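Before any comments, here is the structure.
Protein chains in written order, with the numbering used here: chain F, 1 to 490; chain R, 10001 to 11043.
Okay, here's the thing in structure tokens:
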């Protein structure tokens, strides 16, 4: 009897152990399932914040830290910004025109995937947010989020098409290959649209975004989120690239609303903290999200012990440095450090005047500011012709806030444009524009006699305008996985 | 006591007492634990440690039977004697070996499957903290790599080829009946009784969704009936580097070669005139050689006098200093291993307990592994129908290591290998003497930075602001592990032939990891030190209920098994990082800035029902079958459950009547099995779900998420069908062995199918693809000499297999995809480890350019031929070899004379290629600061030079592009272990009141023969190298005594 009793207990145990219904249902803690995330407006907004974060996240290599890493590469591909020694070697292959001309380059692949990941996430939100359970209750937030997604998508296409395709020719048909356009989530690779088609899509997305932002009354969390002004700013950049100068002028002017220029005396202080009126778009970092050595400031701040301090100082070309007058506050941010001339201290945050620099690694990333809009406005007016005085005035409004003794330019026509462009090189040094401008203006890359260490640039001392080296190659992963993809000229 | 004596005396009245000693013929040593029984009765006794026995036999008894495992039974007529001494012979046909298999045991002769058993005496010969390393070369079909030298490190194992592409190909580890999730290095190898390697379907199918890649069953010691014994085993030895460093250039050559590379770069890339380039390279501007090398001049001449315009070192220059980083980082470590165990019991109850301490210092300073383990096990047949067993084990260990892989500046194997020879550890004055600080201590050179050890005017281009001699002892990268395992089983017998067993098992591991970078120097100087503390908890529970029924009816024997099992696994962690230290401690409390902290957890569960049946007719014909159905939490509910099964049979030919005429054949058995197992270890616990990562995605203080995985509700386990045909044989009382042929077909293979990166997520998990492993493996044991005085045994095993991908996912074009990953390309008809690389076509003798092959295509895109190209981007890729060896295995020779035994294990691998990226990084074209292989001396220098090393030219990237140039034959022969032991004669050990005393000398990794000095071809199955901790040579002395 006893044995039978025991047996019964055992069999009972077996049945009990034959497990509850949800014994085999397990969910992760470090990820969210799609249905849980996208079913509410708040969840969609969480995804949008993830996109914001992706612009300053760490991507497994010390030279990949989001938007500022792309900006740094774009500067290093030009002639105004360079390293005089190899140091730890980061970004050297960009400077040498090797990274973007090597289909196996991890950096080449990263830039491509960085922007297409933003597009994918934006498309997911756009495809789902209207069906969110509380979408009808939060129309203003929905409009705001959709505006962000469209503007992000436009911005990403704009960056990609400038890098991975031959330049946009204002007077041409632009039927040459651009990049694939995706406007909804998919797993199927698409063929490259023409450059013209890509810009059509960019403009459509921006127009839609501007409309949504205009309607929405939702205010952004902080400067990391895009808003009407940022969308207008992107539109101004695009219009300048495509030669729609009236649009560029209008958008540049509108976009800087509420973003006053800082006075000359403050110039050296603001480019690492978002509490600066010029900032239109950027990222606000907190200590646990800063990426230490793998960060913009590690690579650019010459003082506080990052890669720049360890040898990779970023220097300005003599062209930029010599153009600025002695009273120009911008000029004072360059100084000889470690035996190297014209080392940029623009981003040290303390005016660049104090050799001790800042003591912590947590600094904000700058993506767009109103000074650029003055420059776009001035150039757009000058290029429309007939209103040089207006252009001179726009330029003066900016430069007088940099150089107290600046006198409004009396140049006209092409000379005025050249002055605006030189001011642009001085003002936006280190912010990721020069390579784009070389392509936009169809200029040569010429690093001779600007202070560079000729031995460091490898074969990239001079390329004539329109050279194939101005075009990024399509990364090998895309070529392998997307049968519709066509490579650029090798 | 008194009562017992009285009772005893009563018995004496009806019985008589016989005493005596049982000894072994072989060496005359006493045999403890031998059985002495009165024939035809249950009366018996067991010999003591001295081999002596005492038995009371009935008056009418006529015969005593003496028996001992491994010995021939002996029957002795009593013939009125009161003292009977017996000498037992070693049995010719070894006693039927017991094999631990899935959910039970089997005798080797009755087993229809393929399983290899490695016994404790072999396991303890290898001086390792991890049992996995002890399997190398001793079991056919088992491939072991990752034998790195970091103390406490484990190894990776593949059984019968490679089972998977993207999912795990590792076998399932089972310890004492339950899947084991702890660290292998937390099991003391001295506590292991045996390791069974289950290779075919019959053996492994009962593990269902986890059995596809084979199973390794570790069985710990349990104690045996007989006298209690205490065993003490101690080994002490030295630890040194087993694989030498690559041959590298000397200081003089280094300067000249650097000059040459720089000069060429100036002329070829920067378009300098030759004169201008030579003047620049030899000069002392920032573009001069010495300054490009960071201002380091090891000679007593001025910087612009060091290397002349002809690229030759100034003949009058005298070398001032040279520091060998490798030598300074290395040491002779000491390894100590002490074990003490107690075991014993009687027919009903048995026990085993042990405590052990292992302390191993690595061959690189500051690396070590310390471990303390304990184990207690007991079992008892409490009632005739009730049995219970319990085993508890636990341990605590600390592993102090480095980032000993990859190109981390803190990896001493990367650092010591690639640091140019001109860079000193300590700062030098103009005489080359080491500069001392105020305390008389040597001033380190950090090669840059801003600390007190920045040598003015010197910035090393290779790894500036670092000095491992300074920082490694200050930094910490340690893993402290506390682990606990419990196995508890209860078994009841009922209704005659039934048994029901319930067991409850748990493994708990707590890892405490510290990563600390000091606050004074190098990497974390700028943030004043950084410390990360991480706590990880891994717990698994397995509970199973097994019902068995066994019956013998005449010549028919049947046994059946049915059971249920559930398994639950939880992984969780919490970590925090802080910076800002002012005192030397790793503790976060002392740091001022919080840099990050988080926690997360993962869960995984399996539930299964299992069945097995065995039938045997007259010990001649055997049939067995098994079935298991498993549900895994890794898959979507609609496809979660899968069925796995096996069918096997064997025929013992020697049992047939017609074999009686062939008495020289001791045993002949033909066996075959087929079945299907699964592999649910697809690397992710939630692979089917569409996921958005929230780890590291917050935007400031706003919650963030980002798309991380695409949904696939059809995702399920990989299937593995397994055919095994084998022959076991033994003849002439000397030769025995096994030959087996196997076909493993993996299907439903999990593929990370690449999607265009432009669509966002660049890959998706899909069950597409098939792969086969076909091979043959053989084990042969020969008793070459088996005299009483001299014995020589030879064991050889060899395995050869072919791996082939038979089905790949279809691409968007409807054709099977080809997936390139790293140095490999997966495509149908090729193996998983076929190298897919540019094909090196030599060096252009005109200009020293590297040449690659490139396909010539016609207008339709068809390949019509090939030509060479200098452009690495234009080069075509080809299949150029495979890392899978043609044949691999091990050879063990054991020679014993008197009390001496000498054994030597040689492991070998023939064929296959190795992509030597370590060597590749030493063959750069002039990267300032990096060291060079001596092979660089064969570089192209001038027009007409015929060589296979391209010209030197700083930043000449084409020359260093991955290609077949870096492939090398991976064949090797390794003297894995030699052990010489001596058994002290019984006459001496008995005087010391010991039953046995052995002393021994043992050496691991004593020699390696391979194609290139410096390479370690055993690093990975994929045939790639990664600056890993080189294997250690351990030479020890030891003693083993038993009371």
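Positions of the beta carbon are idealized from the N, C-alpha and C atoms, including for glycine. Note that the coordinates shown come from a computational prediction; the quantities given were computed from them, not determined experimentally.
Query	Result
If I'm right that residue 10188 of chain R touches residue 10330 of chain R with Cβ under 8 Å, what's the distance once you round it to whole angstroms?	About 28 Å; that fails the 8 Å criterion.
Can you name the start and end residues of the beta strand (DSSP E) that residue 10325 of chain R belongs to?	Where residue 10325 of chain R is concerned, there is no enclosing beta strand (DSSP E), although the alpha helix (DSSP H) it sits in stretches over 10325-10329.
Residues of chain R with a CB under 7 Å from the CB of residue 61 of chain F: which are they?	Those do not exist, as residue 61 of chain F stays about 11 Å from chain R at its closest Cβ, beyond 7 Å.
Which residues in chain F have a C-beta closer than 7 Å to the C-beta of residue 9982 of chain R? List them in chain order.	Outside the shown range of chain R, which is 10001 to 11043, sits residue 9982 of chain R, and nothing can be said about it.
From this set, F:319, F:328, F:301, F:120, which residue's C-alpha is nearest residue 346 of chain F's C-alpha?	F:301
Which residue wins for smallest C-alpha separation from residue 247 of chain F, given the options F:258, F:40, F:232?	F:232
Classify residue 10030 of chain R: buried if its beta carbon has 16 or more other beta carbons within 10 angstroms, exposed otherwise.	buried
Can you have a look at residue 10273 of chain R and say buried or exposed, based on whether 16 or more other CB atoms are within 10 angstroms of its CB?	exposed
I want to see whether chain F comes within less than 9 Å of residue 10643 of chain R, judged by CB atoms only; does it?	no
For the region 175-231 of chain F, which segments carrying the alpha helix (DSSP H) assignment without a break, of at least 4 residues, lie completely within its bounds, in sequence order?	195-215
Let me check understanding here. Comparing Cα to Cα, which of R:10397, R:10259, R:10060 lies closest to residue 10183 of chain R?	R:10397
Could you name each continuous beta strand (DSSP E) segment of 3 residues or more that falls completely within the region 10887-10974 of chain R, going from the start of the chain to the end?	10887-10897, 10900-10910, 10913-10915, 10967-10969
Check the Cβ-Cβ distances between residue 10581 of chain R and every residue of chain F, and say whether any is below 9 Å.	no
From which residue to which residue does the alpha helix (DSSP H) around residue 10487 of chain R run?	No alpha helix (DSSP H) holds residue 10487 of chain R; the beta strand (DSSP E) holding it covers 10476-10494.
Could you give the distance in angstroms between the alpha-carbon of residue 284 of chain F and the alpha-carbon of residue 275 of chain F?	9 Å
Give me the chain F residues within the contact set of residue 10764 of chain R, using Cβ-Cβ distance strictly less than 8 Å, ordered along the chain.	187
Label residue 10059 of chain R either buried or exposed according to how many other C-beta atoms from any shown protein chain fall within 10 Å of its C-beta, with 16 as the threshold for buried.	exposed
State yes or no: is the beta carbon of residue 10801 of chain R nearer than 9 Å to at least one beta carbon in chain F?	no
Kindly list, in the order they appear in chain R, the residues whose Cβ is closer than 9 Å to that of residue 102 of chain F.	10872, 10873, 10957, 10961
Excluding five sequence neighbours on each side, which residues of the same chain lie with their C-beta closer than 6 Å to the C-beta of residue 10998 of chain R?	10981, 10983, 11040
Taking the beta strand (DSSP E) that residue 137 of chain F belongs to, which residues open and close that run?	From DSSP, residue 137 of chain F is part of no beta strand (DSSP E); its letter is neither H nor E.
Got a sec: is the Cβ-Cβ distance from residue 10259 of chain R to anything in chain F below 9 Å?	no
Answer yes or no: do residue 10172 of chain R and residue 10123 of chain R have a C-beta to C-beta separation smaller than 9 Å?	no
For residue 10734 of chain R versus residue 10653 of chain R, is the C-beta spacing smaller than 9 Å?	no
With 9 Å as the threshold, decide whether the Cβ of residue 10321 of chain R is near any Cβ in chain F.	no
Contact criterion: CB-CB distance below 9 Å. Does residue 10706 of chain R meet it with respect to chain F?	yes
Please state whether DSSP places residue 10109 of chain R in a helix, a strand or coil.	coil
Determine, using beta-carbon pairs with one atom in the region 10843-10854 of chain R and one in the region 10935-10946 of chain R, whether at least three such pairs fall under 8 Å.	yes
To which residues of the same chain is residue 10100 of chain R closer than 6 Å at the C-beta, ignoring the five residues directly before and after it?	10196, 10217, 10219
Within the 9 Å Cβ cut-off, does residue 355 of chain F reach chain R?	Low per-residue confidence applies at residue 355 of chain F: pLDDT is 49, beneath 50, and the placement is therefore not dependable, though the value from the model is reported in the following sentence. Closer than 9 Å: no.
Closest by CA to residue 10129 of chain R, which one among R:10097, R:10395, R:11011?	R:10395
Can at least three beta-carbon pairs, one atom from the region 224-243 of chain F and one from the region 256-266 of chain F, be found at a separation below 8 Å?	yes
Span of the alpha helix (DSSP H) holding residue 35 of chain F?	34-38
Quick one: residues in its chain with C-beta nearer than 7 Å to the C-beta of residue 10935 of chain R, no 5 flanking neighbours on either side, listed in chain order?	10923, 10949
Quick check: is the beta carbon of residue 10757 of chain R nearer than 9 Å to any beta carbon in chain F?	yes
So residue 361 of chain F contacts chain R; which residues on that side make the cut at Cβ distance below 8 Å?	10526, 10527
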